[in-house]
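S.K.:
Numbering (the working numbering), first residue to last: 149 to 845.
1) With 16 as the cutoff for other CB atoms within 10 Å, does residue 525 come out buried or exposed?
2) How would you label residue 306, buried or exposed, when you count the other beta carbons within 10 angstroms and need 16 or more for buried?
3) If we ignore side chains and look at the alpha-carbon of each, how far apart do residue 566 and residue 541 end up?
4) Bridge partners for residue 322 per DSSP, in chain order?
5) Give me the Cα-Cα distance between residue 709 and residue 477, rounded to the nearest whole angstrom.
6) With distances taken between CB atoms, is the gap from residue 446 to residue 340 smaller than 8 Å?
7) In or out: residue 318 buried (at least 16 other Cβ within 10 Å) or exposed?
8) Can you tell me whether residue 661 is buried or exposed? The criterion is at least 16 other CB atoms within 10 Å of its CB, across all chains shown.
9) Rounded to the nearest angstrom, how far is the Cβ of residue 569 from that of residue 544, given a contact under 8 Å?
10) On a Cα-Cα basis, can you pick out the residue from 297, 383, 374 that is closest to residue 814?
11) Which class does residue 777 belong to by DSSP, given the choice of helix, strand or coil?
12) Starting from the C-beta of residue 589, find all residues in its chain whose C-beta is less than 8 Å away, skip the five residues before and the five after it, and write them out in chain order.
13) Nearest to residue 288 by alpha carbon, out of 195, 279, 714?
14) Answer with buried or exposed for residue 168, where buried requires no fewer than 16 other C-beta atoms within 10 angstroms of its C-beta.
15) How long is the line joining the alpha carbons of residue 332 and residue 177, rounded to whole angstroms?
16) Tell me, please, which residues DSSP counts as bridged to residue 225.
17) Excluding the 5 residues flanking residue 338 on each side, which residues of the same chain have their C-beta closer than 8 Å to its C-beta?
18) Taking C-beta to C-beta, are residue 652 and residue 624 nearer than 8 Å?
19) Report yes if the C-beta distance between residue 413 and residue 492 is below 8 Å; otherwise report no.
20) Mind checking residue 254: buried by the 16 CB within 10 Å criterion, or exposed?
21) Would residue 502 be called buried (16 or more neighbouring beta carbons within 10 Å of its own) or exposed?
22) If you measure between the beta carbons of residue 107 and residue 467, is that distance less than 8 Å?
23) In whole angstroms, give me the CA-to-CA distance for residue 426 and residue 448.
24) Going by the beta-carbon positions, is the gap between residue 523 and residue 459 smaller than 8 Å?
25) Going by CA-CA distance only, name the one from 728, 749, 735 that's closest to residue 717.
26) When you compare only the Cα positions, how much space is there between residue 196 and residue 190?
27) Would you mind reading off the limits of the beta strand (DSSP E) that contains residue 736?
28) Output the distance between the C-alpha atoms of residue 352 and residue 387, rounded to the nearest integer angstrom.
29) Using the beta-carbon count (16 or more within 10 Å), is residue 721 buried or exposed?
30) Is the Cβ-Cβ distance between residue 527 and residue 482 less than 8 Å?
31) Should residue 593 and residue 719 be called a contact, given that it needs their Cβ atoms to be closer than 8 Å?
32) Which residues bound the alpha helix (DSSP H) around residue 345?
33) Please state if the CB of residue 499 and the CB of residue 479 are separated by a distance shorter than 8 Å.
34) How about residue 559 and residue 472: do their beta carbons lie closer than 8 Å?
35) Tell me the rounded alpha-carbon separation between residue 831 and residue 769.
36) Would you say residue 355 reaches chain B, if we count a Cβ-Cβ gap shorter than 8 Å as a contact?
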């Protein structure tokens, strides 16, 4: 049936539905309500103040306003009482909408009125109900009305929230009348029975049109399991294909001598956590299977040292290693740190970034091509077509979430199945790790070097700036250095945010004319950023004014104060990253979050940062507040696009889905078993394209 013939749709609305991907009745099955409104009677109104509610009744009178800016008053009657509903809009138009003795379902909100014993009514939406239409009376059997996301495209055709609910109900009723089996099962009976799940048909019907409120969560859990199960199935298939089909490099040379040399290079002893992770990586590298490992570690936990030792193993076995960073500033920092550390070993290291002079660039490219260069550190410049590795055997991707999936895949293609270590200093909540990185082996560095003193974090307001500036001056007198971070480079008319450039001038000329200030931001050329950072590192400047470009990779032990302006604008994980730029020396360090116009939620968020330096706790809170799709600050290619899953409360569902999916693929990777036919059919129909996306992720 063409959806234009569906009651409430028509030609124009059918075109609008097509633009959002709804072309057939079956497509309506993909709608999931965003919330529900319950129906009550007029007598119960005072029990539901400040709630969105539905009232059904007959209009017994219409009172026209005396002034054009006053509302039309509708007198609605049900079996329990009478209610006056004010409706704004052109009286002539409204009077045609609402006629005497017609039945209506009203979406209203009642609030307490200080000047009356009756509550004040706020009108939201309505539906006219024909009591002689069987389909409409079936619709009225449900006490809880679903509300859906209403796109701007549909709004342009005068579809309002309650009308959309009714159209979807009509679609369900029409579809199931013509084909009772339209909602196909997607999980085997064994899984349904083991988890005490209802059928997919019941779940889809009950989440859209619940008979009782408990139906909603029962149905949601069932559908959430399905979403997570098929995602984990993709991850399990990917991991299986890597294990079975992609033969990797076996780094089998004895590394005892290398290990001793490496220990002698370090001015400190590795933490137990670092040693454990190095052991996990070594076992992977000795295997002929291609390593795909995620290394998580809080800011300052020593991930880079682990990566350096891993690269040395590859070099010892005659291969090159690449180290890809998201910014030139971070690449430059790693180049300097690693070059200094490995100087006694006579290892050739190069830096490849954008903006280098042609002659220098050609020399670097020739060294990579001929295999003279052992470690190549760079930005996305590493994956350009002109970059040819002689024998890339090991790739490190730092702050991997800053790269797109295709960029990560291109680096891997530069070698013949090189081992890959992806690193992040953004602690990833376990649920997010299991969904987005479920195919990777995960290592975690969960302790900081022993000499680190916890950073003290404080939340301050704009009014306290004089005290903050006084504190900065006192610390600089002691020989310490300071970061001041702003959220923008220059003034924005759209957002009332602090500007790095304008405030740099203000600080330099008015606030600290006697101190030495430097500045670094993303629009500067790499050598300008490098020069500003080096001046700060060499104590030629006291204060470094910056944007979030210093979020990762800057390691200056003498910097002991981090001031973050407009802190309420940042995500918790990003604030934690910025805070990690201090606290790297032996002195007490401080992070001061400066905020204004704080809402209750912003206060709660920023207080978490003041309470703890545990990155994993902060990450969990951040994901709960912002949601998984925005956790990294970017949308992750639709992979985490769930309609029923809530990762903050579905941990148990995720654990079950993952365990089940991986067990099935381990037993029957081709899904040939008769019991798994329904999985194979569903996968090939709905998830086949996702497999390619995950292949390169």
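Note that beta-carbon positions come from the ideal geometry of N, C-alpha and C, so glycine has one too.
M.R.: The short version:
1) buried
2) exposed
3) 4 Å
4) In DSSP, residue 322 forms no bridge with anything.
5) 20 Å
6) no
7) buried
8) exposed
9) 5 Å
10) 383
11) Interpretation of residue 777 is limited by its pLDDT of 48, a score under 50 that renders its predicted location unreliable; the figure taken from the coordinates is listed afterwards. Residue 777: helix per DSSP, three-state reduction.
12) 428, 432, 439, 440, 441, 442
13) 279
14) exposed
15) 11 Å
16) 206, 230
17) 823
18) no
19) yes
20) buried
21) exposed
22) Because the chain here runs from 149 to 845, residue 107 falls outside it and cannot be looked at.
23) 17 Å
24) yes
25) 749
26) 10 Å
27) That residue, residue 736, is in no beta strand (DSSP E); it is neither H nor E in DSSP.
28) 31 Å
29) buried
30) no
31) no
32) Run containing residue 345: none; DSSP gives neither H nor E here.
33) yes
34) yes
35) 33 Å
36) The structure shown contains no chain B; it is built from a single protein chain.
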